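Since the structure comes first, as structure tokens, the remarks are kept for the end.
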Amino acid sequence: MQTLLQLIAILAVIAGTAFSVLGVLGFIRMPDVYTRLHATGKVSVFGVVLLLLATVALTPLGFGKGLVLIALLVIGGPATSHAIGSAAHRIGIPMRRAIRDDLAQLEAKADEAAKRIS
54 MQTLLQLIAI LAVIAGTAFS VLGVLGFIRM PDVYTRLHAT GKVSVFGVVL
104 LLLATVALTP LGFGKGLVLI ALLVIGGPAT SHAIGSAAHR IGIPMRRAIR
154 DDLAQLEAKA DEAAKRIS
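Structure, rendered in structure tokens:
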């Protein structure tokens, strides 16, 4: 049983490290803040979750704490990325080679509705 847990931990460390490295490379290579958030918000969260799984597999005393941390990362990662992306859009950071901007269209409709009300 111990050998199986060690094998799971080794595979999780390798996969988690690979995801983390891909997240860093995506952060460096992507052209704007919005695509960088995609790389760091999704890929890096999975990398950290896999590293936590390796920790949980090797240290049975930290099983509950590891699962709580994994749950918080899976819940908090996308919410944090969304908040940063929304803040970047509000302060006017442009998208590079944008095909469409749904949020700008919604903001224009909201501005028109606010003008009609006041």
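Take the position in the sequence shown, starting the count at 1, then add 53; the result is the number in the working numbering. We treat Cβ as the ideally placed atom computed from N, Cα and C, and that holds for glycine. Keep in mind that this is a model prediction, so the values were computed, not measured.
Quiz item: Unbroken alpha helix (DSSP H) runs of length 4 or more, entirely within the segment 87-142: which are they?
Solution: For the segment 87-142, whole alpha helix (DSSP H) runs of length 4 or above, ordered along the chain, are 97-111.
Exercise. State the CB to CB distance for the pair Ala65 and Ala107, rounded to an integer number of angstroms; the pair is presumed to be in contact (CB under 8 Å).
Key: Rounded to the nearest angstrom, the Cβ distance from Ala65 to Ala107 is 4 Å, consistent with a contact under 8 Å.
Quiz prompt | Cβ-Cβ distance between Val86 and Ala132 below 9 Å | solution = Val86 places its beta carbon 9 Å or farther from that of Ala132.
Quiz item: Given a threshold of 16 other Cβ atoms within 10 Å of its Cβ, counted over all protein chains shown, does Arg150 qualify as buried or as exposed?
Solution: Classification for Arg150: exposed.
Quiz item: Looking at the structure shown, is Asp154 part of a helix, part of a strand, or coil, going by DSSP?
Solution: Asp154 sits in coil when the DSSP states are folded into three classes, being neither helix nor strand.
Quiz item: Where does Gly69 sit, in a helix, a strand or coil, going by DSSP?
Solution: Here Gly69 sits in helix by DSSP.
Self-check item: Contacting residues, own chain, Cβ-Cβ under 6 Å from Leu103 (five flanking each side not counted)
Solution: Here Leu103 has Ala65, Ala68, Gly69 as same chain residues with Cβ atoms under 6 Å from its own Cβ, once five neighbours each way along the sequence are excluded.
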